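Participant: My structure is below; once you've seen it, I'll send some questions.
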């Protein structure tokens, strides 16, 4: 098996302090690999990077149109939000449309990552609830599909019709049979695939507008919703939100836990997937920014880009202490092209 390759490095002074290795694939709309780093056939859990795939049955089933879901709902279905009011207010309203409350969720409570929201709960003496869970938008999508199907309430069980519909969409878009699943942080099953399979799924989304079938139309709607509402997909200061804004509708990107990142690039009909071997988010953010700049859809000197790639490492007093940047090995694919 091909080993992971150096992708992101952190320098402090003149010393390479940390080195992050990983795997990545750029895939075209035919499913072929345009470029790969490391092992494209390594099996991974996509974690939250595949939420747009999990949301496909919400649209293809007719549930989204039945309940009048708009682009904000669809962006939230793909989101790993930070629990700010713009997220939780919309999730509550969506649940109300279904005549449900947070007790219907099976995702579990989570403290908001958004500092004002977190501090507001503390001042009010209120504990976080399941609506604050970063996956509550995805789970509201699950509940919408569940209501449409008339299926039972335990929608996170792997044999539940909601999860089986998600598995069918996952295997169809990745072009691979999943070898199994793990339980994600939000308690839903997360089906495994290869880095190539995940990139192939993103290329499916990137080229969806070229096709007229129901699932492709759903993929195109979800991609547009993500690009239209980057603030709902993640949150202020988050890489997904800031980099999508910086790209101005040229790509949709999504993080996943344990160092996974994906990109959908419709204008180039390309999909990208990467996995940092040690699971470090900072390394995945730098690597996806580097690949996006290499592909010409993100400006290397944009202020948002500089927060994640070729980014200064500062001391607590604001002194320049180092830099986090992509490795030469990662960027060679673009400099030699």
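In the numbering used here, the protein residues as written are 5 to 341. For each residue, glycine too, the CB sits at the ideal point set by N, CA and C. For clarity, every value in this text was computed on a predicted model and none was experimentally measured.
1) Going straight from the alpha carbon of residue 65 to that of residue 149, what length do you get?
2) Starting from the N-terminal side, write out each stretch of the beta strand (DSSP E) that is 3 residues or longer and does not extend beyond the stretch 228-309.
3) Can you look up residue 60 in the DSSP assignment and give me helix, strand or coil?
4) Helix, strand or coil, according to DSSP, for residue 46 in the structure here?
5) Where residue 185 and residue 294 are concerned, what is the direct C-alpha to C-alpha distance, given to the nearest angstrom?
6) Can you tell which of 37, 85 and 52 has its C-alpha closest to the C-alpha of residue 45?
7) Go through the stretch 70-121 residue by residue and report every complete run of the alpha helix (DSSP H) that reaches 4 residues or more, in order.
8) Can you say whether residue 34 is buried or exposed, counting buried as having 16 or more other CB atoms within 10 angstroms of its CB?
9) Pick from 195, 138, 90 and 14: whose alpha carbon is nearest that of residue 109?
10) Going by the DSSP bridge assignment, what does residue 195 pair with across the sheet?
11) Do three or more CB pairs link the stretch 260-277 to the stretch 96-113 at distances below 8 angstroms?
12) Count the other CB atoms within 10 Å of the CB of residue 61; is the residue buried (16 or more) or exposed (fewer)?
13) Excluding sequence positions up to five away, which residues of its chain have a Cβ less than 7 angstroms from the Cβ of residue 301?
14) Would residue 42 pass as a contact of residue 17 if the rule is Cβ separation under 9 angstroms?
15) Span of the beta strand (DSSP E) holding residue 26?
16) CA-CA distance, residue 230 and residue 79?
17) As a quick exercise: from 115, 21, 132 and 147, pick the residue whose alpha carbon is nearest that of residue 317.
18) Are the Cβ atoms of residue 247 and residue 28 separated by less than 9 angstroms?
19) Any idea what DSSP makes of residue 317, helix, strand or coil?
20) Span of the beta strand (DSSP E) holding residue 39?
21) Would you decide whether residue 128 is buried or exposed? Buried here means 16 or more other CB atoms lie within 10 Å of its CB.
22) Who pairs with residue 14 in a beta bridge, going by DSSP?
23) For residue 142 and residue 96, I'd like the C-alpha separation in whole angstroms.
24) Considering Cα atoms alone, identify which of 54, 105 and 50 is closest to residue 147.
25) Going by C-alpha to C-alpha distance, which of 160, 123 and 203 sits closest to residue 362?
26) Quick one, are the C-beta atoms of residue 56 and residue 223 less than 9 angstroms apart?
27) Is it buried or exposed for residue 339, if we count other Cβ within 10 angstroms and need 16 for buried?
28) Hey, how far is the Cα of residue 2 from the Cα of residue 136?
29) Rounded to the nearest angstrom, what separates residue 197 and residue 118 at their Cα positions?
30) Please state whether DSSP places residue 166 in a helix, a strand or coil.
Facilitator: Walking through what the data contain:
1) If I take the Cα positions, the gap works out to 8 angstroms.
2) Taken in chain order, the whole beta strand (DSSP E) runs of length 3 or more contained in the stretch 228-309 are 256-260, 264-269 and 274-280.
3) Correct three-state label for residue 60: helix.
4) Residue 46 falls in the coil class under three-state DSSP.
5) So the alpha carbons of these two residues sit roughly 30 angstroms apart.
6) Measuring from the Cα of residue 45, the nearest candidate turns out to be 37.
7) The qualifying runs are 75-81 and 89-101.
8) Label assigned to residue 34: exposed.
9) It is 138 whose Cα lies nearest to the Cα of residue 109.
10) According to DSSP, residue 195 bridges with 185.
11) As far as the Cβ criterion goes, the stretch 260-277 does not touch the stretch 96-113, which means the pair count is below three.
12) Here residue 61 is buried: its Cβ has 16 or more other Cβ atoms, across all protein chains shown, within 10 Å.
13) 251, 254, 255 and 269.
14) No. Outside cutoff.
15) That run of the beta strand (DSSP E) goes 19-31.
16) Annotation: residue 230 to residue 79 spans about 5 angstroms, alpha carbon to alpha carbon.
17) Measuring from the Cα of residue 317, the nearest candidate turns out to be 21.
18) The answer is no: Cβ separation not under 9 angstroms.
19) Strand.
20) Per DSSP, the continuous beta strand (DSSP E) segment holding residue 39 begins and ends at 37-41.
21) Classification of residue 128: exposed, given that the 10 Å Cβ count is below 16.
22) The beta-bridge partner set that DSSP reports for residue 14 consists of 22 and 328.
23) Rounded to whole angstroms, residue 142 to residue 96 spans 13 angstroms at the Cα level.
24) Closest option to residue 147, Cα to Cα, is 105.
25) With the chain running from 5 to 341 in the structure shown, residue 362 is simply not present.
26) Residue 223 sits close to residue 56, with the two beta carbons spaced by under 9 angstroms.
27) Counting Cβ neighbours within 10 Å, residue 339 comes out exposed, since fewer than 16 surround it.
28) Limits of the chain in this structure are 5 at one end and 341 at the other, which puts residue 2 out of reach.
29) Their backbone Cα atoms lie some 31 angstroms apart in a straight line.
30) For residue 166, the three-state secondary structure derived from DSSP is helix.
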